[in-house]
Each structure stands twice: as structure tokens, then as C-alpha cells.
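Peer 1: Residue numbers (this note's numbering), protein chains in the order written: chain D, 74 to 377; chain W, 3 to 252. The C-beta atom is built at its ideal place from N, Cα and C for all residues, glycine as well. Small disclaimer: the values here were computed from a predicted structure and weren't measured. Below are the C-alpha cells for one structure; questions will follow.
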Amino acid sequence: MQVYLPIAEMSVDALLLLGIGFGVGWLSGLFGVGGGFLLTPILILIGIPAPVAVASGANQTLGASVSGLIAQWRRGNVDARMGSVLLVGGLVGSALGVQLFALLRRLGQVDLAVAIFYVVVLGTVGMLMVRESVRAIWRRRRSGGTATKAHEHTWLHGLPFKVRFRKSRLYISVVPPLLVGFGIGVLSAVMGVGGGFMLVPAMIYLLGMPTSVVIGTSLFQVVFVSANVTLLQAWQVGSVDIVLTLLLLAGGVAGAQFGAAMGTKLRGEETRALLGLLVLAVALSLGWDLVRVPESLFTIGPAR
Amino acid sequence: MRRLLAALLLLLLALPAAAQQPTTPQLAADLSTDRVEISTGFTGSSVMVFGATERLIGPETGDDIVVVAWGPPQPTVVRRKVNVIGFWVNGPAATFPDIPGFYAIAATRPVWQTLPEDVRQAARLGLASLPLRATGSQGPAFRAALLDLKQQDGRWQEYAAPITVAGGRLFSARIAFPDTVQTGDYRIEVLLVREQRIVARQELFLRVDRVGTAASIAQVARVQPLVYGVVCILLAALAGWLGSIIFRRS
């Protein structure tokens, strides 16, 4: 069943989009991440123009994260104060990111920039995740229990503007969370991802937040930043395709529930290792596309 | 289709009568529709150009029919990928500021057999006769790539569909629009060629429009981008929330 996408100005098989949404939703439910990092490259692969894929990917991430945020909020797992600080950084970062995106589009380098961002960010994050989880699995095998790291004091704790985050049981400067939020905001705008897969490790390892509030607080940030990206992309680039978004969401929310049910059966370290491998695989395949000899040396596009 | 048949019949009936008058038109043509609608289920469309001539068409009489369809101008960039330290990146680009977004030519015989070059150039018949002026990078490779890629996605067509002739005088040709077709006003020229000259021509007009949901979405997104952005946010949030309720497995 073909459906015409009014902003992408092309027709795509609706069942294909539902299937992609379901598959990505299933994986995101399984691993507890938004799945935007998988969705955007797949959309580009099936021929959706990169600007539309990025903008609609951000919009889809928003929808996919809303229900998770509501559930976490009800359980009291959201540190609203920390979320707000992250969000301030995130809003500034995503606003700048959209300007960067518009500039890249004028220069005709959107595809390249998106690909490079993906390869670098996913490659780094994937490698870190695999390394960390393999270590954790190894440690568990050897000692029979999980070793907990003592709370370390680093230079981060010497920064000014300290604020008490009661839910996170932290008394730290607002500078690191602002910077983390900013960085994720930029990436969110350029890559069309929510950034949960980067935000969660950053909150645990950089900010030292307790795991119980990490997922809820990251969802808080992801929902509002992706809403900001959607708004700015729609306003300045004009590339959000709501038909595409809704089709992906319809498959995605269904898949996420099945994935989440399965995710509870997997151990934390194994899940993280699998997710790390998946992230690495996406990075490698995008990297390969950059270095292999292209089928056609020329591309055409509308002049703006 | 019924409308088309009726029109063809009318033409047939009108022909003998018309032939006796001295001011009889040498060529009469029309379109099966003057409007192509892009709806939510749009996967491409086609329009039938049909008509009749006073004299017989074919190699015996030397009369030929040429049908050319023009879309609105669509400035296009052709980019060449270059290898920079192992990576393939978009390098030099050529911009073609005024080329038609859609161009299709169909003829009973290819125009290079029936018309001299200066006529083809003046009337812009055939892809080789399109003036492809570029700004930015020059060079025949960019033009060749443009011609090649535009033909691949079906937006430029050269003799992609035949003109069928019935009874020696009734002709019809189908112009196919791909799903990537632009909206706007399209012009269709029907030419009667005889002895290396264009002896009669008729211009027909066609409008390609978005209709229904697709039209309103594109309209709102263009005219009220902020409102559209807010609606996208709300719709996505609502869909995500509703979906999690419907598919909840507790």
C-alpha cells in the first residue's frame, strides 16, 4: 500500500514504514533507548531525503519517548531539577544545531555531515559500551558479584554554581549538566536522535547520578529537546513530514511494548553489550558507505 | 476513459465535415484531463494526449506528430563526489537555474529524422536541444549526469512511450508522471511535422495540484511553519501516548 509523503514529495510503501517502525520500536523497547540512531540511517537508506529523515526522526523520537516519560514520572523516577538544567543546555544546543544544519544544507553537505556525525558518535559510544559491559561481565564471572565503584571526587566537583539535586542525591555545579545537555542538543538536531544512548552513560559516569533516576530524567530531556528540534526544523528547514512520523510511530509504539517485555528477561550487562554491538554495526556500515567507491559519482538535487 | 472515447468519436464524426471547409484545421488535439491530483495515495499518474489530423499520418504522406510536455522550471544542482583522503564527499557543483522540472517528448518518428537541427533547437525538441546553461562548475560531465539522472527518475523522458495512430489520422500518446512530479502548470505542445517543417501546432495546458490531506499538510507547513511544528509535536506526543495505552502488555 503506497502512501504519498507530502513534505518528502514522494510515495513510499506504508507497510514498509510500519515494519521499520515496529523493528526499531522493538529494539528500543528491548534496550530502553529511543532508537533514533537506527531510524534516521534506515530512512535515508530507503531513499528519504536526509533533511526529512533527520527532522521526522526527531519528531518520531518525541512520540516514542512520551509514554516512557509518563510512566517514569508516575513512579517518581524523574529528577525534574536536574532535567531542567540539562534541558536549558539542550534547548540552546539544539537551537544552534538546527542553525548548523541549515548552513550545511545550503552548502550541500548535509548527507556527509550526518554520516560523519553518525560514524564518530556511534563508533565512540558503541566502543565504550562494549568495553564497559564486557569488563562488567568479566568482573562478575571472576568475583561472583558486582563490584560497586566508590564515589570519586574529580575536578568536576571544584566548579562554581553548586546546586543541590535532591532526587539524584547530588550537590554539584550546574556547569557539567549544562554542557552535557548542550552537547546532546547539538547532536539531536544534526542526527535526528533523542540522544538517550549518549545521555544515559554521561549521567552515570560524568555526573554520578544514581541509576534509578537516570532513565526517567534522560527521557525528560529527550522529550523536550526533540520537541524543540521538531519545532525549529519545521520552522526553519521545513522538513518535518508528519505522515512519515505517524506511520513510524504506529509501528514503533507497538514494537516497543513487545521489546520491553523481552528486555526484562535479559541481564543488564548483556543488554548493554548487545546494544553496544548494534551501535557499532550501524557506525561501521555508515563508515563503509563513506569510503567505498560510490555507484554514481554524480547526484542531483533541487537548488535552493 | 468514457470521456476520452466520446471525444474521439466526436472528432471522427467531425472530420469529414471539417475536411470540406477551406479553413479546416490541419491538427486538433486535447487532453484526457486538464488536472492531475496528488492525493495521499498518489503513486504517479498519466495523461492521454489525443487528436486527429486532416491528412494521413505516416511514412507514406511524410506527416509526423510530435508531443512535448513541459513542467514548471526547477533549478537543479548537480554535485560530483570527490575522494578526499579516502572519503567520498560532495565536491564541485553545477547549478542549472532554468531547466524544466519535467520534460517528455514523444513522436511518431524521432525528431532528428524529421526536422533539421535549427528547428529542433528553436522549438527545443529532444533532450539534446534543451539549453542546459550552468553556473558554477562547467563541463560536459555535469550535463551528461543531469540528463542521465533526470531520465533515470522518470522526470525527463525521450520517446519513453509511443504515439499510436489509428485509422491513419487519430493519434494518442500517454504522458506518465512519476510520484516525484512537481506541482504547477504544465504545457503540452502537439506539433504536426511535414517536409522538415512544423506546419501546425497546438498548445494544451495541464495543472498538477495536491488535493485533500496531502495538500493541506504541505500548505500549512509552507505558510504557517510554526503552527505546523506545534501540531507535529502535539500529534506525535498524542500518538505515542495513545499507542502505549493500546499496546500495553501488563
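Hey, could you find the ends of the beta strand (DSSP E) residue 94 of chain W is sitting in?
Peer 2: 89 to 98
Peer 1: In the DSSP assignment, the alpha helix (DSSP H) including residue 200 of chain D goes from what residue to what residue?
Peer 2: 183 to 216
Peer 1: Applying the 10 Å Cβ sphere with the 16-neighbour rule, what's the burial state of residue 248 of chain W?
Peer 2: exposed
Peer 1: Per the DSSP calculation, residue 109 of chain W is bridged to which residue(s)?
Peer 2: W:68
Peer 1: If you pair each beta-carbon of the stretch 65 to 74 of chain W with each one of the stretch 136 to 145 of chain W, do three or more pairs fall below 8 Å?
Peer 2: no
Peer 1: Is the beta carbon of residue 82 of chain D closer than 8 Å to that of residue 182 of chain W?
Peer 2: yes
Peer 1: Going by C-alpha distance, which of D:175, D:347, D:276 and D:363 is nearest residue 386 of chain D?
Peer 2: A query on residue 386 of chain D cannot be resolved here, the shown segment of chain D reaching from 74 to 377 and no further.
Peer 1: In chain D, which residues lie with their C-beta within 9 Å of the C-beta of residue 32 of chain W?
Peer 2: Chain-ordered listing is empty here: chain D has no CB closer than 9 Å to the CB of residue 32 of chain W, the nearest sitting near 28 Å.
Peer 1: Can the beta-carbon of residue 262 of chain D be found less than 8 Å from the beta-carbon of residue 302 of chain D?
Peer 2: Using a Cβ distance threshold of 8 Å, residue 262 of chain D and residue 302 of chain D count as a contacting pair.
Peer 1: Is residue 318 of chain D close to chain W? Criterion is C-beta to C-beta, closer than 8 Å.
Peer 2: yes
Peer 1: Hey, is the stretch 88 to 96 of chain D in contact with the stretch 230 to 241 of chain D, meaning 3+ C-beta pairs nearer than 8 Å?
Peer 2: Remark: fewer than three beta-carbon pairs, one from each stretch, lie closer than 8 Å, so the stretch 88 to 96 of chain D and the stretch 230 to 241 of chain D are not flagged as touching.
Peer 1: Would you call the stretch 187 to 207 of chain W and the stretch 103 to 122 of chain W in contact, with 3 or more CB pairs under 8 Å?
Peer 2: Output reads yes: the stretch 103 to 122 of chain W touches the stretch 187 to 207 of chain W.
Peer 1: According to DSSP, simplified to helix, strand and coil, what is residue 83 of chain D?
Peer 2: For residue 83 of chain D, the secondary structure class from DSSP, reduced to helix, strand or coil, is strand.
Peer 1: With a threshold of 8 Å on Cβ separation, who are the neighbours of residue 220 of chain W within its own chain once the five nearest residues in sequence on each side are excluded?
Peer 2: 212
Peer 1: Just how far apart, CA to CA, sit residue 95 of chain W and residue 146 of chain D?
Peer 2: If I take the Cα positions, the gap works out to 51 Å.
Peer 1: Strictly under 8 Å for the Cβ-Cβ distance: is residue 335 of chain D near chain W by that measure?
Peer 2: no
Peer 1: Could you name the residues that DSSP lists as bridge partners for residue 308 of chain D?
Peer 2: Partner(s): none; residue 308 of chain D has no beta bridge.
Peer 1: Sorted by chain position, which residues of the same chain lie with C-beta nearer than 6 Å to residue 290 of chain D's C-beta, five sequence neighbours on each side aside?
Peer 2: 151, 152, 155 and 156
Peer 1: Going along the stretch 97 to 120 of chain D in order, which residues come within less than 8 Å of chain W, judged by CB to CB distance?
Peer 2: none
Peer 1: Count the other C-beta atoms from every protein chain shown that fall within 10 angstroms of the C-beta of residue 193 of chain D, then say buried if there are 16 or more, exposed otherwise.
Peer 2: Counting Cβ neighbours within 10 Å, residue 193 of chain D comes out exposed, since fewer than 16 surround it.
Peer 1: Ordered along the chain, which non-local residues of its own chain (more than five positions away) have a Cβ less than 7 Å from that of residue 38 of chain W?
Peer 2: 47, 49, 179, 208 and 210
Peer 1: Per DSSP, which residues does residue 240 of chain D bridge with? Please list them.
Peer 2: In DSSP, residue 240 of chain D forms no bridge with anything.
Peer 1: Using a Cβ-Cβ distance cut-off of 8 Å, determine whether residue 132 of chain D contacts chain W.
Peer 2: yes
Peer 1: Thinking C-alpha only, which one of D:119, D:295, D:241 and D:158 is nearest residue 84 of chain D?
Peer 2: Per the Cα distances, D:119.
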